[in-house]
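Before any comments, here is the structure.
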Amino acid sequence: MGMSMQQKSLNSFKLYGFGILKNGVKFDFPFRESLLSFKSLVDKAYYVLGDSVDNTNEEFKKFEFCLTEYSTWDASLKDGLVISVETNKAIDFLKRSIELENSWGIYLQADEVLHQDDYDLIKSDIIKADALGCDAITFRYLHFWKTHHHIAISKNWYPKEIRIIKLDSDIVSCGDGQSFTNYKKVFNSESRIFHYGHVRVAEAYEQKMQFQASFHFKGLRYYRKRLKNRLDRMKQKAIEYYGTHPLVMKDRILRMHDVWELPAQKIIYILGSKKDYSELMINSINVNEIFWVDSEKEIPRNYRSQAVITNSFLEEKWSNDCRLTLQLSEKKIGLKYNK
Numbered sequence: 021m022g023m024s025m026q027q028k029s030l031n032s033f034k035l036y037g038f039g040i041l042k043n044g045v046k047f048d049f050p051f052r053e054s055l056l057s058f059k060s061l062v063d064k065a066y067y068v069l070g071d072s073v074d075n076t077n078e079e080f081k082k083f084e085f086c087l088t089e090y091s092t093w094d095a096s097l098k099d100g101l102v103i104s105v106e107t108n109k110a111i112d113f114l115k116r117s118i119e120l121e122n123s124w125g126i127y128l129q130a131d132e133v134l135h136q137d138d139y140d141l142i143k144s145d146i147i148k149a150d151a152l153g154c155d156a157i158t159f160r161y162l163h164f165w166k167t168h169h170h171i172a173i174s175k176n177w178y179p180k181e182i183r184i185i186k187l188d189s190d191i192v193s194c195g196d197g198q199s200f201t202n203y204k205k206v207f208n209s210e211s212r213i214f215h216y217g218h219v220r221v222a223e224a225y226e227q228k229m230q231f232q233a234s235f236h237f238k239g240l241r242y243y244r245k246r247l248k249n250r251l252d253r254m255k256q257k258a259i260e261y262y263g264t265h266p267l268v269m270k271d272r273i274l275r276m277h278d279v280w281e282l283p284a285q286k287i288i289y290i291l292g293s294k295k296d297y298s299e300l301m302i303n304s305i306n307v308n309e310i311f312w313v314d315s316e317k318e319i320p321r322n323y324r325s326q327a328v329i330t331n332s333f334l335e336e337k338w339s340n341d342c343r344l345t346l347q348l349s350e351k352k353i354g355l356k357y358n359k
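Take the sequence shown: its position 304, counting from 1, is numbered 324 in my numbering, and each next residue is one higher.
So, in structure tokens, the structure goes:
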């Protein structure tokens, strides 16, 4: 029998990973987890590694699907431009190594990790983006702050960013490497980037911030002041998260003494419509018995304080599943990992 149209579409493109890194071990980047989250998605990954003072480059040799080139970072570049310069070297390395036709590249910084539940969505969204004439795809961001159970939601944190680009294009990294430019049309995906840049060993975090400050004109004093202001804002603009993390993060999260999965609760009432959420989401709620109700009057008094009200919550336009995850987390109700 011939392949379905969907199968043909999935086989019609190639997806490659790319990125950069310097001193990943010294600064406690979750780069191994980031690489592993690529593995079942991409054909190969192409990295440009900087002139590290630790054993980062040796660590990359453990990942057979990852090909590397080496570069010396230009310390004279300021405003973070060295990141986009090095990222564009990685794009060039990738383009020199493959056939560009029908090829897409997915970019992860060394503190960004993909979730295994999004793999199929990523693939299908590339097909949709291509059909719509898009050459860039954004991902939704979860920015973790200080722990693996708090995410930052103030306007200073970008809610989405381009992370997939069509390689047969003029798209390049820009600025401090946060995003890309020269794209023609963007497709917005609900696939997620789990950003762990501010969750790491304290000493390594301070060293990383000092290193990052060296590539900016304003220097370390400015960075420390900015971080203090950000922390003050986070007291009002950070919300709890007890949804699932990428499976590749389990050992790291436990090693840092954070909770991997909250214990199951017995009963919860949810004011909302079950049909608004995916089957995966509903089956992941770590509660033995769930009652979906249409009004607060249907909720017994002794359960009202813990009931989840699914109407307006958060300024950002989250997907329904993600919104419910955060509303459950507010009540200390977590999601369970599907076996």
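Note that the Cβ used here is the ideal one computed from N, Cα and C, for glycine as well.
Per the coordinates, the alpha-carbon of Tyr225 lies some 26 Å from the alpha-carbon of Gly37.
Within the same chain, Ile288, Ile290 come within 7 Å of Ile310 by CB-CB distance, once the 5 residues on both sides are set aside. Short of 7 Å from the beta carbon of Lys64, and not among the five residues preceding or following it, lie these beta carbons of its own chain, in chain order: Tyr36, Phe85, Leu87.
Annotated three-state conformation of Asn202 is coil, per DSSP. For Lys34, the pairing in a beta bridge is given by DSSP as Ser123. By a beta-carbon distance limit of 8 Å, Gln285 contacts Val307. Their separation comes to about 5 Å.
From the listed residues Gly44, Ser32, Val68, the smallest Cα separation to Gln232 is found for Gly44. Residue ranges of uninterrupted alpha helix (DSSP H) with 4 or more members, entirely inside the stretch 167 to 233 and ordered along the chain, are 222 to 233.
Rounded to whole angstroms, Leu348 and Glu210 show a C-alpha spacing of 19 Å.
The beta carbons of Ser72 and Val268 sit about 22 Å from each other, so the pair does not count as a contact at 8 Å. For Ile353, there is no enclosing alpha helix (DSSP H), as DSSP gives it neither H nor E. In the DSSP assignment, Val313 is bridged to Leu291.
The criterion of a C-beta distance shorter than 8 Å is not satisfied by Leu346 and Tyr297.
Excluding sequence positions up to five before and after Tyr203, its CB lies within less than 6 Å of the CB of Asp155, Ala156, Ile191, all in the same chain and listed in chain order.
Looking at Asp341, Pro283, Met229, Asn331, the one whose alpha-carbon comes closest to that of Leu300 is Asp341. Nearest Cα to His215 within the set Gln198, Arg321, Glu223, Val206: Gln198. Taking 8 Å as the cut-off, the beta carbon of Val105 is found closer than this to the beta carbon of Leu97. With fewer than 16 other beta carbons inside 10 angstroms of its own, Asp94 counts as exposed.
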